[in-house]
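Enquirer:
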Amino acid sequence: MFSTVRNTALRQARTQLRSVRPVSLPHQSFVARLLSTLAVLEQREGKLNPGSLAAVTAAQKLGGSITGIVAGSSIKAVADEAAKVKGLDKVIFVDNGAYDKGLPENYAPLLVENIKKGGFTHVLAGHSAFGKNLLPRVAALLDVSQISDITAIESEDTFVRPIYAGNAILTVQSSDSIKIITVRGTAFPAGETEGGSAQLEEGVDPKADTPTEWVSEDLAKSDRPDLATASKVVSGGRGLKSKEEFDRLMPPLADALGAAIGASRAAVDSGFADNSLQVGQTGKNVAPQLYLCAGISGAIQHLAGMKDSKVIAAINKDADAPIFQVADVGLVGDLFEKVPELTEKLKAQS
Amino acid sequence: MASKLRILVPVKRVIDYAVKPRINKAQTAVETAGVKHSMNPFDELSVEEAVRLRERKAQEVEEIVAWSAGPAKAQDVLRTAMAMGADRSVHVQTADGGGAAGDLEPLGVAKMLQKAVEEEKSNLVILGKQSIDDDANQTGQMLAGLLGWAQATQASKVEIKDDVCTVTREVDGGVETLRAKLPMVVTTDLRLNEPRYASLPNIMKAKKKPLVKKALEDYGVDVKARLKTVKVAEPPQRQGGQKVEDVDGMVAKLKELGAL
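Residue numbers (this note's numbering), protein chains in the order written: chain A, 1060 to 1409; chain B, 698 to 957.
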């Protein structure tokens, strides 16, 4: 690990080199030694979002120094929280309420300025609604390609990501000078929030205007674990037939297990469940210890979102449903009988 | 006075969502020859939304232009877009074959779209939130960044009145609502609408609608690939398939696997 001063001096040297010779092998190995990552951390109402720490875990796999960045109003508390995150060497904070809602129109210029100033070689954020919305805009402003939703890091310029709804795994090598990357949360578990002692540094604030005005939000209130990070997930599909049945059968099963509730796209489209519960290619990716689903046939778009689960259990009345090809435990039967029975037996055990 | 809407709708031809992709023997790409292709499902939502904006008449829609970059067959999806209600289309021809996007990356597409927006004097671009082949979810955001426009991604509701665009967008855990004045880039989420089927008469009419062909060079932008495909591989297979007789069997098995 370099000391900060030395790191900065070397970084300057590298920047000068880069302008003369864009790509050559010795030069690249020189860059490798100076790898430095900016991890974009999310905050919400003065609290650090632990889900966004997957970026820190991924950054640790890259090696090199790791700097976190947080922005928003009264940001000092969040910065203090972030400074304790294990693996972070430095935390850049920008105190300005204009960044509270994570609007990419002003957040992207903010990142660009701080990336340029810090000379970062890698910029990582979670593949969350925030990261997905923001990072491509940053990449375009820096004129670099982005690598989305990576699940593994092979080297400083080579990354692995699923394509075609997870039906193919692409290994891709980037020739860009700055690697802009979003990270799949379930592939890089959030790091420890204690034990670190990063130094704090105030970041540059370009104070860009945003043409977009944030009006309101409507977030589902839930005491259950968060779907994307829950260790157990119970999920319902079209087989539940109606919203009433979904609401009657799924929450008690989830409660018996201490699980989050998910749903297939069919269930969401039919109005049984809220869109934010959707698991699959176009919804959330989950990889819990246990994924227990009922009335889900197992279309490829759904499997894309859950097949990295440790144990998959399925209840379906169709013995030929594709879900049984991936399920570790399959039960062929009527979910309207089996789910309540399972709920009772699980309750009896706890 | 509110300006007239000039909507640009970029669409992409992808392997049909119901087809299970196969990886070629050399592990360099997904097999595309002889595989059914269709319009990217999110792009159908974009076309539908553009047509509905016209039908809603909250603000006059002067023109809906569909745009696609891809091999010759990408014209099929442009015809589909016109059959759904787009007025005309622009096709940027790329070589057949290549990788997931005919070797075009979202950044290159965004740069071409920036030029297309200038040419067509568009004030609203509606894109799908992601294409289901490379699953990148980047092009709309990149385009908005290049243009310096407002962006609203993963839209589930779009309203435009007097140049003010109000968009409800899907975020983690719920929805949020944003407001911006045109021009704007919007990307569509599944809940936005239900795309219509093109009727036979409309498919016939679409054959007569203008389709302008362009070459990559016409835009004079750098679309060189920055990312090199090292390998495309099968995902690890799961050892599934074990069935149990009853609920007790399931509970016992889950315990055995350490899931309970």
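The beta-carbon is built from N, C-alpha and C at its ideal position, and this holds for glycine as well. Just so you know, these numbers come straight off a predicted model, no measurement behind them.
Report back the beta-carbon spacing between residue 847 of chain B and residue 1271 of chain A to the nearest angstrom; my notes put them in contact at under 8 Å.
Expert: Confirmed, about 4 Å.
Enquirer: Listed in chain order, which residues of the segment 1373-1401 of chain A have Cβ atoms closer than 7 Å to some Cβ of chain B?
Expert: Listed in sequence order: 1383, 1384, 1385, 1386, 1387, 1388, 1389, 1390, 1391, 1397, 1400 and 1401.
Enquirer: Would residue 888 of chain B count as contacting chain A if we go by Cβ distances under 7 Å?
Expert: Residue 888 of chain B counts as touching chain A.
Enquirer: When the Cα atoms are used, what is the spatial distance from residue 1188 of chain A to residue 873 of chain B?
Expert: When rounded, the distance between both Cα atoms is 11 Å.
Enquirer: Can you tell me where the alpha helix (DSSP H) with residue 743 of chain B in it begins and where it stops?
Expert: It spans 738-753 - the alpha helix (DSSP H) in which residue 743 of chain B sits, taken as one unbroken run.
Enquirer: Quick one: grab the DSSP three-state call for residue 1344 of chain A.
Expert: Note: residue 1344 of chain A maps to coil in three-state DSSP.
Enquirer: Say whether chain B places a C-beta atom closer than 7 Å to the C-beta of residue 1225 of chain A.
Expert: Cβ-Cβ to chain B under 7 Å: yes for residue 1225 of chain A.
Enquirer: Please say whether residue 1370 of chain A and residue 957 of chain B have beta carbons closer to each other than 7 Å?
Expert: No; because the gap between Cβ atoms is not below 7 Å, this pair is not in contact.
Enquirer: Can you tell me which residues form a DSSP beta bridge with residue 863 of chain B?
Expert: BP columns for residue 863 of chain B point to B/856 and B/876.
Enquirer: Using a Cβ-Cβ cut-off of less than 9 Å, list which residues of the segment 1169-1197 of chain A approach chain B; keep chain order.
Expert: Answer in chain order: 1186, 1187, 1188, 1189, 1191, 1192, 1193, 1194, 1195, 1196 and 1197.
Enquirer: For the alpha helix (DSSP H) holding residue 1166 of chain A, just list the boundary residues, first then last.
Expert: Residues 1163-1177.
Enquirer: Buried or exposed, going by whether 16 or more other CB atoms sit within 10 Å of the CB of residue 1324 of chain A?
Expert: Buried, by the Cβ-count rule.
Enquirer: What first and last residue would you give for the beta strand (DSSP E) that runs through residue 1350 of chain A?
Expert: Residues 1349-1353.
Enquirer: Kindly indicate if chain B contains any beta-carbon less than 7 Å away from that of residue 1228 of chain A.
Expert: Taking Cβ atoms only, chain B reaches closer than 7 Å to residue 1228 of chain A, which makes this a yes.
Enquirer: Does the separation of the CB atoms of residue 765 of chain B and residue 758 of chain B fall below 7 Å?
Expert: Not in contact: residue 765 of chain B and residue 758 of chain B (Cβ atoms no closer than 7 Å).
Enquirer: Residues of chain B with CB closer than 7 Å to the CB of residue 1217 of chain A, please, in chain order.
Expert: Those are 927, listed as they occur along chain B.
Enquirer: Between residue 1328 of chain A and residue 888 of chain B, what straight-line distance do the alpha-carbon atoms span, to the nearest angstrom?
Expert: Rounded to the nearest angstrom, the two C-alpha atoms are 8 Å apart.
Enquirer: Around the Cβ of residue 733 of chain B, are there at least 16 other Cβ atoms within 10 angstroms (buried) or fewer (exposed)?
Expert: Counting Cβ neighbours within 10 Å, residue 733 of chain B comes out exposed, since fewer than 16 surround it.
Enquirer: What residue ranges within the segment 1183-1211 of chain A form continuous beta strand (DSSP E) runs of no fewer than 3 residues, ordered along the chain?
Expert: Those beta strand (DSSP E) runs which fall completely within the segment 1183-1211 of chain A and span 3+ residues are 1205-1209.
Enquirer: Closer than 7 Å by beta-carbon distance: list the chain A residues that pair up with residue 868 of chain B, in chain order.
Expert: Within chain A, the residues near residue 868 of chain B are 1188.
Enquirer: Roughly how many whole angstroms lie between the Cα atoms of residue 1154 of chain A and residue 1264 of chain A?
Expert: Distance between the alpha carbons of residue 1154 of chain A and residue 1264 of chain A: 9 Å.
Enquirer: With a cut-off of 8 Å, do at least 3 Cβ pairs link the segment 833-846 of chain B to the segment 721-735 of chain B?
Expert: Contact fails: fewer than three Cβ-Cβ distances are below 8 Å.
Enquirer: Under the three-state reduction of DSSP, which class applies to residue 908 of chain B: helix, strand or coil?
Expert: Here residue 908 of chain B sits in strand by DSSP.
Enquirer: What is the C-beta distance between residue 755 of chain B and residue 857 of chain B, in whole angstroms, given that I count them as a contact (C-beta under 8 Å)?
Expert: Correct: roughly 6 Å between the Cβ atoms.
Enquirer: Are the beta-carbon atoms of residue 825 of chain B and residue 865 of chain B separated by less than 7 Å?
Expert: Cβ atoms of residue 825 of chain B and residue 865 of chain B: not closer than 7 Å.
Enquirer: Thinking C-alpha only, which one of A/1126, A/1157 and A/1171 is nearest residue 1142 of chain A?
Expert: Here the closest residue by C-alpha is A/1126.
Enquirer: Under 8 Å Cβ-Cβ, which residues of chain A neighbour residue 641 of chain B?
Expert: As displayed, chain B neither begins before 698 nor continues past 957, which places residue 641 of chain B out of reach and without an answer.
Enquirer: Cutting at 6 Å between CB atoms, please list the residues of its own chain near residue 1170 of chain A, excluding the five before and the five after it.
Expert: Around residue 1170 of chain A: 1197.
Enquirer: Ignore the nearest five residues each way along the sequence and tell me which others in residue 1110 of chain A's own chain have a CB closer than 8 Å to its CB.
Expert: Result list for residue 1110 of chain A: 1101, 1185, 1187, 1244, 1249, 1285, 1287 and 1288, in chain order.
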